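Each residue of the sequence shown is one higher than the one before, counting from 333 in this note's numbering.
Glycine residues also receive a C-beta, built at the ideal position from the N, C-alpha and C atoms.
Since the model is a prediction, treat every value here as computed from it, not as a measurement.
Shown next, in structure tokens, is the structure this report addresses.
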Amino acid sequence: MKPFTGRLNRYGSVLLFPLAMVIYDFSAYLTTDLIQPGIIHIIRELQADITLAPASVSLYMAGGLALQWLLGPLSDRIGRRPVLLTGAMIFALACLGMMFVTTIEQYFIARFIQGTSICFISTVGYVSIQEAFDEKDSIRIMAALTSIVLLAPVIGPLAGAGLMSFMHCEFN
């Protein structure tokens, strides 16, 4: 397999950018599946009606749709890198914020904001890969990225169940 020959003038190392995209993309999709085993527990912990549990996933997906109309033109105007970095920062802050929610409303807002990270990846991230690498290399990177991200639905619920059992042991 021939090494990548990408034209990375603004993105840094030939390997660093695709690796960062893999981590960002995998993390964004993992948050959908990681939380599944614990949704009922979280809803109960927040003393909310159990019928609100599906809204957690729905709001995450709604967040994934919310900003797509804005991010393409914005990244054309100010550049792909600042938009991607802003998206990663918003995602990290939303994940951190999840640790401090005390009401169901705060939880749903944090889930929606987490979901917006998908917008940044799908609207700006994939285009950045296509622009930074020649056609053959960008296809290889996107194939590898997709293959890794497809593991999230398998790893997420297992890791979430393990995390829930660990947290249950720690706090009870």
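Contact set for residue i: own chain, Cβ-Cβ below 7 Å, skip 5 residues either direction
i, result
"A426", "A442, I445 and Q446"
"T435", "L378"
"M353", "G457, I461 and L477"
"D381", "none"
Through-space distance from residue j to residue i, alpha-carbon basis
i, j, result
"A360", "L399", "15 Å"
"S460", "D469", "13 Å"
"M286", "P369", "As shown, the chain starts at 333 and ends at 504. That puts residue 286 outside it, with no answer to give."
"Q438", "I410", "31 Å"
"P405", "V481", "26 Å"
"V415", "A484", "24 Å"
"M474", "Y356", "13 Å"
"A464", "I453", "15 Å"
"I471", "R412", "19 Å"
Own chain, CB closer than 6 Å to residue i, minus 5 neighbours either side, in chain order
i, result
"G395", "F444, G447 and T448"
"A407", "Looking at the sequence provided, one finds Ser at residue 407 rather than Ala. Excluding residues within five positions, the ones whose Cβ falls inside 6 Å are V415 and V456."
"L362", "A484 and G488"
As assigned by DSSP and simplified to three states, the class of residue i
i, result
"F349", "helix"
"I367", "coil"
"F465", "coil"
"L399", "coil"
"A432", "The residue asked about is misnamed: residue 432 is Phe in this sequence, not Ala. Reduced to three states, the DSSP call for F432 is coil."
"F498", "helix"
"L483", "coil"
"D381", "coil"
Same chain, Cβ closer than 8 Å to residue i, neighbours up to 5 away in sequence not counted
i, result
"E502", "For E502, the predicted structure reports a pLDDT of 43, less than 50, and the residue's modelled location is therefore unreliable. The matter cannot be settled from this model."
"T418", "F452"
Limits of the alpha helix (DSSP H) - the one that residue i falls within
i, result
"G411", "Premise fails: G411 is in no alpha helix (DSSP H) and is neither H nor E."
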